[in-house]
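S.K.: Chains A and B, in that order, give the protein sequences. First residue of the first sequence: 181, per this note's numbering; consecutive thereafter. First residue of the second sequence: 86, per this note's numbering; consecutive thereafter. We put the beta carbon where it would ideally sit given N, CA and C, even for glycine. Here the structure is a predicted model, which means the values were calculated and not measured.
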Amino acid sequence: AQTVTQSQPEMSVQEAETVTLSCTYDTSESDYYLFWYKQPPSRQMILVIRQEAYKQQNATENRFSVNFQKAAKSFSLKISDSQLGDAAMYFCAYRSLKAAGNKLTFGGGTRVLVKP
Amino acid sequence: DSGVTQTPKHLITATGQRVTLRCSPRSGDLSVYWYQQSLDQGLQFLIQYYNGEERAKGNILERFSAQQFPDLHSELNLSSLELGDSALYFCASSVGGTGNQPQHFGDGTRLSIL
Chain A
181 AQTVTQSQPE MSVQEAETVT LSCTYDTSES DYYLFWYKQP PSRQMILVIR
231 QEAYKQQNAT ENRFSVNFQK AAKSFSLKIS DSQLGDAAMY FCAYRSLKAA
281 GNKLTFGGGT RVLVKP
Chain B
86 DSGVTQTPKH LITATGQRVT LRCSPRSGDL SVYWYQQSLD QGLQFLIQYY
136 NGEERAKGNI LERFSAQQFP DLHSELNLSS LELGDSALYF CASSVGGTGN
186 QPQHFGDGTR LSIL
């Protein structure tokens, strides 16, 4: 079974600075998808960014970008020019292409604090 | 607004009781997923339905059951409730049952067992 590990329970960043969140995963599969979800205090789960494992190019969405290292099974999220609204829990998630269905396997989350 | 509607937002009940959580997926989405978020277990996948049929099952207890109706809304039934069932229950939906379509989450139902 796949597992997803987020080793940083909490990260603090100054407004306008950059913060990088770590995520590692364990899988024997070669094709899969990876996601980062944001959960603000309102508790919604908001998709931030996604990466297909077969794509070498790292995904980017505005101030959010990933560093996908397939061989190392690492999928970090970089938040640039941090804003107060970025304060939230961030979850890394894995989705298999082989398993039946479309379930997401989540990491334990990293809380991001943004200091003004 | 994700377009996924979950009701109720909050539910408070006692041990041994039974509750039903409801989810309406985004318009056009055929797949519905249920997840449980608790302090102990984190975010866990429970079950997925696609166009009325069960597609995948996760760590769902035997006391829990779900179904997806012809109008594609889904219900998660929790029975013989225990204190440990207190959690945030999310419903998510996607267009298909597999592939790279993202899952869109509802706001969740907060279940508190007293």
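According to DSSP, is Leu146/B helix, strand or coil?
M.R.: In this structure, Leu146/B counts as coil in the three-state DSSP scheme.
S.K.: For the segment 136-147 of chain B, which residues have a CB atom closer than 7 angstroms to at least one CB atom of chain A, in sequence order?
M.R.: Of all residues in the segment 136-147 of chain B, Arg140, Ala141 and Gly143 have a Cβ within less than 7 angstroms of some Cβ in chain A.
S.K.: Short of 7 angstroms in beta carbon distance, which residues of its chain neighbour His95/B, apart from the five on each side in sequence? Order them along the chain.
M.R.: Excluding residues within five positions, the ones whose Cβ falls inside 7 angstroms are Arg195.
S.K.: Quick one: what does DSSP say Leu284/A is sitting in, helix, strand or coil?
M.R.: Leu284/A: coil per DSSP, three-state reduction.
S.K.: What runs of the beta strand (DSSP E), each 3 residues or longer, lie entirely inside the segment 90-150 of chain B?
M.R.: Here the runs fully enclosed are 90-92, 95-98, 104-109, 116-123, 127-135 and 138-142.
S.K.: Which bits of chain A does Asp125/B rub up against, with CB to CB less than 9 angstroms?
M.R.: What Asp125/B touches in chain A: nothing, since even the nearest Cβ is about 11 angstroms away.
S.K.: State the DSSP-derived secondary structure class of Val168/B, mapped to helix, strand or coil.
M.R.: A small correction: the amino acid at residue 168/B is Leu; Val does not occupy that position in the sequence shown. The answer is helix: DSSP assigns Leu168/B an H, G or I state.
S.K.: Residue ranges of each beta strand (DSSP E) run of no fewer than 3 residues wholly in the segment 202-235 of chain A, ordered along the chain?
M.R.: Here the runs fully enclosed are 204-206, 212-219 and 226-232.
S.K.: Using DSSP with H/G/I as helix, E/B as strand and the rest coil, what is Leu264/A?
M.R.: Correct three-state label for Leu264/A: helix.
S.K.: Which residues in chain A sit within 8 angstroms of Asn185/B, going by Cβ to Cβ distance?
M.R.: Neighbours of Asn185/B on chain A, chain order: Tyr213, Arg230 and Glu232.
S.K.: Among Leu173/B, Ile145/B and Ser159/B, whose alpha-carbon lies nearest the alpha-carbon of Ser123/B?
M.R.: Out of Leu173/B, Ile145/B and Ser159/B, Leu173/B has the C-alpha closest to the C-alpha of Ser123/B.
S.K.: Does the segment 214-224 of chain A touch the segment 264-281 of chain A, meaning 3 or more C-beta pairs lie closer than 8 angstroms?
M.R.: They touch, by the three-pair rule.
S.K.: Suppose contacts are defined by Cβ-Cβ distances below 8 angstroms. Is His158/B in contact with Arg107/B by that definition?
M.R.: Yes; because the gap between Cβ atoms is below 8 angstroms, this pair is in contact.
S.K.: Using 8 angstroms as the limit for Cβ to Cβ distance, is Gly193/B near chain A?
M.R.: Yes, because at least one Cβ of chain A sits closer than 8 angstroms to the Cβ of Gly193/B.
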